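In this note's numbering, the protein residues as written are 1 to 193.
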C-alpha cells in the first residue's frame, strides 16, 4: 500500500526541548555565543535526520498526517503510520464510493505505540471507503524520555555537520555520515520482513 506522511514543520522550540543549545555547545566545545544561530539550525537538521532515518519523533508532536489511496480490505490487516511512538489518533477520514468525505469514529480503531493502526476488536475496516484516506495523529517521546542512544546520534550528527559545514574541504575528505550515527540508530529502525 502506497502512502505518504505529510510534512509537519518543526514546532517552535522543538529542538531545544530535545537538546538544549547549551548541551549542543558543550558537545561541540564552543564557548562563545557568536554561532548560536548556526548551532541551533544544525541541531534541528541533525534531529530531523535521525527522526527520518529511524521513523521516530524524539519529542512530542501533534497534527501528524498519514495519507493513502485506500484502507486495507482484510479485517486483520493493519496500516503502518511510519512514525513511532504513536500516542494518540486524532481523526480518520476517507472518501466514500459516492464521493462524499466521511469522518470515521476514532473509537472504531486501535493503535500500537509502534505505529500499527488496526480496526478495533469487533469492528472492521470501512467497506465503503473508496479512497483518499487520512489519519491524523500525535507521536513522540515525552520531554526527557527520548532514548539516550538516539540523543547521542543527534549529537554525533551535529558534530559532523558543524565540522563539515562548507561545501569544499581543503585538507582531507569531509567523509560520509559518521558510522556511529548508523550504529546508534540501528536498533530503532523499522524492520521489514
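Cβ atoms here follow ideal geometry from the backbone N, Cα and C, with glycine treated the same way.
In this text, all values refer to a predicted model and were calculated from it rather than measured experimentally.
Enumerate in chain order the residues of its own chain whose CB-to-CB distance from residue 6 is below 8 Å, with the five nearest sequence positions on each side excluded. Numbered from 1 along the chain shown, position 6 holds the residue referred to as residue 6. Around residue 6: 64, 65, 66 and 67.
Work out the CA separation of residue 111 and residue 86 for me, nearest whole Å. Your numbering for residue 86 matches position 86 in the chain shown. Your numbering for residue 111 matches position 111 in the chain shown. Answer to the nearest angstrom: the Cα atoms are 8 Å apart.
Same chain, Cβ closer than 8 Å to residue 10, five either side skipped, listed in chain order: Position 10 of the chain shown holds residue 10. Hits under 8 Å: 44, 47 and 48.
Cβ shell of residue 78 (< 8 Å), same chain only, five flanking positions each side left out: Within the chain shown, the letter at position 78 stands for residue 78. Taken in chain order, the residues that qualify are 72, 116, 117 and 118.
Report the start-end ranges of each alpha helix (DSSP H) in the region 36 to 118 that is 4 residues or longer and not cut off at the edges. 36 to 54
Buried/exposed call for residue 84, threshold 16 Cβ in 10 Å: Looking up residue 84 in the chain shown gives position 84. It counts as buried.
Tell me which residue opens and which closes the alpha helix (DSSP H) that residue 159 is part of. Position 159 of the chain shown, counted from the start, is the residue given in the question as residue 159. Annotation: the continuous alpha helix (DSSP H) that includes residue 159 extends over 148 to 163.
Is the beta carbon of residue 138 sitting closer than 8 Å to the one on residue 184? Position 138 of the chain shown, counted from the start, is the residue given in the question as residue 138. Position 184 of the chain shown, counted from the start, is the residue given in the question as residue 184. Against a cut-off of 8 Å, the Cβ pair of residue 184 and residue 138 comes out as no contact.
Assuming residue 56 and residue 188 make a contact with CB atoms under 8 Å, what is their CB distance in whole Å? Sequence index remark: in the chain shown, residue 56 carries index 56 (1-based). Sequence index remark: in the chain shown, residue 188 carries index 188 (1-based). Correct: roughly 6 Å between the Cβ atoms.
For residue 228, three-class secondary structure by DSSP: Past the boundaries of the shown model lies residue 228; the chain is included only from 1 to 193, so the question cannot be answered.
Using the Cα positions of residue 106 and residue 113, report the straight-line distance between them to the nearest angstrom. Working through the chain shown from its first residue, we reach residue 106 at position 106. Working through the chain shown from its first residue, we reach residue 113 at position 113. Going from the Cα of residue 106 to the Cα of residue 113 covers about 16 Å.
What residue range does the alpha helix (DSSP H) around residue 14 cover? As a position in the chain shown, residue 14 is number 14, starting the count at 1. Start and end: 14 to 18.
C-alpha gap between residue 91 and residue 135, whole angstroms: For this step, residue 91 is matched to residue 91 along the chain shown. For this step, residue 135 is matched to residue 135 along the chain shown. So the two alpha carbons sit approximately 6 Å from each other.
Contact under 8 Å by Cβ, residue 165 with residue 132: The residue given as residue 165 occupies position 165 in the chain shown. The residue given as residue 132 occupies position 132 in the chain shown. Their beta carbons are not under 8 Å apart, which means residue 165 does not touch residue 132 by this criterion.
Cutting at 7 Å between CB atoms, please list the residues of its own chain near residue 93, excluding the five before and the five after it. As a position in the chain shown, residue 93 is number 93, starting the count at 1. Contacts found: 101, 102, 103, 104 and 134.
Length of the line joining the Cα atoms of residue 121 and residue 60: One-based indexing of the chain shown puts residue 121 at position 121. One-based indexing of the chain shown puts residue 60 at position 60. Distance between the alpha carbons of residue 121 and residue 60: 28 Å.
Kindly give me the distance between the Cβ atoms of residue 191 and residue 50, rounded to whole angstroms, as I take these residues to be in contact under 8 Å. Here residue 191 refers to the residue found at position 191 when the chain shown is read from its first residue. Here residue 50 refers to the residue found at position 50 when the chain shown is read from its first residue. That pair is no contact at about 17 Å.
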